[in-house]
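The sequence shown begins at 34 in our numbering and counts up by one.
Before any comments, here is the structure.
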Amino acid sequence: FTQEESDKPYVEESAFEALEKDSQEFISILSRDEALEKFRVEYEKLLAVMKKSRENEQHLMEKCRELSAELVEKSSKVAVLTKITHDDEETISSLKSELERAWKMVDKAHEREQKTKETIDSLKTEISHLNNLMKERAGQDYK
Numbered sequence: 034f035t036q037e038e039s040d041k042p043y044v045e046e047s048a049f050e051a052l053e054k055d056s057q058e059f060i061s062i063l064s065r066d067e068a069l070e071k072f073r074v075e076y077e078k079l080l081a082v083m084k085k086s087r088e089n090e091q092h093l094m095e096k097c098r099e100l101s102a103e104l105v106e107k108s109s110k111v112a113v114l115t116k117i118t119h120d121d122e123e124t125i126s127s128l129k130s131e132l133e134r135a136w137k138m139v140d141k142a143h144e145r146e147q148k149t150k151e152t153i154d155s156l157k158t159e160i161s162h163l164n165n166l167m168k169e170r171a172g173q174d175y176k
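As structure tokens, this is what we get:
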């Protein structure tokens, strides 16, 4: 069942119009004979049901066209959103990697800062020790 087939009515419009014309002529013929009155009434009911069926078919075909167009539109949107989602996932992954690198750099900087503080503390201790030695020696020189 293809899209092209779904656009075509079961009975072509011209054939339906010809059928209606023939039916009206037939009803006219039936009207002339009272013995066929019941048959004419049933035939008219049948014709009315057929017309209603035709209207319903046309309405349903229009609804199918609308839904097909909506489906195409929604499918397009889904494709776009799928692409965006994929791109977002790649961006998130990239940002996570950058964040991990940044934290590693922060950790290394913190380690260097700690080592520098330790070196400064060590140098301060050594300076203090050397100052004390100088004072001791300076005190011994004057004795």
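We treat Cβ as the ideally placed atom computed from N, Cα and C, and that holds for glycine.
7 Å Cβ shell around residue i - same chain, five flanking residues per side excluded
i, result
"PHE72", "LEU63"
"ALA112", "none"
"LEU69", "LEU63"
Nearest-angstrom Cβ-Cβ length linking residue i and residue j, presumed shorter than 8 Å
i, j, result
"ARG87", "PHE49", "6 Å"
"LEU93", "SER56", "Rounded, the Cβ-Cβ distance is 23 Å, inconsistent with contact."
DSSP state of residue i mapped onto helix, strand, coil
i, result
"ASP66", "coil"
"GLU131", "helix"
"GLU103", "helix"
"GLU151", "helix"
"GLU146", "helix"
"GLU45", "coil"
Cβ neighbours of residue i in the same chain (closer than 6 Å, five flanking residues each side left out)
i, result
"GLU99", "none"
Below-7 Å beta-carbon distance, residue i vs any chain B residue
i, result
"GLU46", "Structure shown: chain B not included; a single protein chain is present."
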